[in-house]
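Novice: Quick one: this structure, given as C-alpha cells, is what I'll be asking you about.
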C-alpha cells in the first residue's frame, strides 16, 4: 500500500510539470482509455527488470529521435515531446494499476494461505492423536502377546504336574477323613497303664460285658420302669426342696423366738436386781464411769447377776442409757 501511495504522487508531479502541454487531451486519455476500464493484464509476465529496462529504451529512442530531427523545425519538436510524455504517463498509470492489482491478489492469496495453514494444523493435530492411540493399542497388543506366550510356556511346563496334584488332593482328603474319625479319642500319654494299650482295652471290654450281664439280670434296662423311676425321683426332689425351705424358715423363727426369750429374761433379771439394790446403786451403776465399764461393785453386791452374759448387760445398758451425741 505505501508503494501505491507513492506512485500516484509521482503521477501528480509529472502532471504538474507537463502543464505546458494540453490538459484536455491528457485527461481524456487517462480517464477514457485507462481509468474507466483498466485492461486485464497477466501479472506473471511483468517483472521489475523489464519495468526498469523499458524506460531507458524509451529515453534512448527519444534521444535518437531528437538527434535525427534536430534539423527540423520547432513545430515538429513539441508534438513529439507531448506524445512521449503521454506515453510515459500512461505507462506509469499502468504500472500503478498493476501494482494495486498485485497487492490485492497477494492479500487474498495470503488470507487463503492462512486458512489453508490453519486447516492443515488442525488436521495435523487430529492425525497426531490418532497416531498416539494407534501406538498405545499396538503396545497393549504386544504386551498381551508376550503374556500369552509366557502363560503358554507355564502351562506346558506344569501340565505333567496336574496328575500329581489330583493324586495329592485325594490323599489329603483321605487323611482329613481319618483325622475327623479319630479325633474323639482321648490322649493317654499321662495315664499309667499296667501293660499294653490293647491289653487294657481287652480287660475293659470284659468288665463292660460283665456289667451289662448284671444289669440285665436286675431288669433295669426296661424303658417303662426307667420312666417311672425318673418320675418318682423328680417328685422326691421337689418334696425335699419344699421341706428344705420349710426347715430353713422354721429355724429362722426358732432363732428369733430364742432371741426374744433371752431379751425378756434379761429384762426381768435387771428389774429384780434394780429393786434389790435400790435407786442409789442403780444410779451409780448406770451413770458412773466405773459402773458403765466393768461393774465389779455391782457383781460383788448382787452375786445372782454374775451369770448373766455380757451381751444381755450391754443390750440393757444401751436401752436404758442413751449414748451422748
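In full-length UniProt numbering, the protein residues as written are 1 to 325.
Glycine is no exception: its CB is placed at the ideal position from the N, C-alpha and C atoms.
Quantities reported herein were computed from a predicted structural model and do not represent experimental measurements.
1. Mind reading off the beta-carbon distance from residue 271 to residue 282? Whole number of angstroms is fine, and I expect it under 8 Å.
2. Under the three-state reduction of DSSP, which class applies to residue 278: helix, strand or coil?
3. Could you check what DSSP says for residue 160 in three-state terms: helix, strand or coil?
4. Residue 210: buried (16+ other C-beta within 10 angstroms of its C-beta) or exposed?
5. For residue 98 and residue 113, what's the separation of their Cα atoms in angstroms?
6. So, for residue 325: in the same chain, excluding its five sequence neighbours on each side, which residues have a beta-carbon less than 6 Å away from its beta-carbon?
7. Is it buried or exposed for residue 147, if we count other Cβ within 10 angstroms and need 16 for buried?
8. Mark residue 96 as exposed unless 16 or more other C-beta atoms lie within 10 angstroms of its C-beta, in which case mark it buried.
9. With 16 as the cutoff for other CB atoms within 10 Å, does residue 201 come out buried or exposed?
10. I need the straight-line Cα distance from residue 104 to residue 79, nearest angstrom please.
11. Indicate the three-state DSSP secondary structure (helix, strand or coil) for residue 180 in the structure shown.
12. So, with DSSP's three-state summary, where would you put residue 196?
13. With 16 other CB atoms within 10 Å as the buried threshold, where does residue 93 fall?
Specialist: Walking through what the data contain:
1. 11 Å between Cβ atoms; not a contact.
2. coil
3. The answer is coil: DSSP assigns residue 160 none of H, G, I, E or B.
4. exposed
5. Cα-Cα distance, rounded: 22 Å.
6. Its pLDDT being 35, under 50, residue 325 is placed unreliably in this model, and the coordinates cannot settle the point.
7. exposed
8. buried
9. exposed
10. 37 Å
11. helix
12. coil
13. buried
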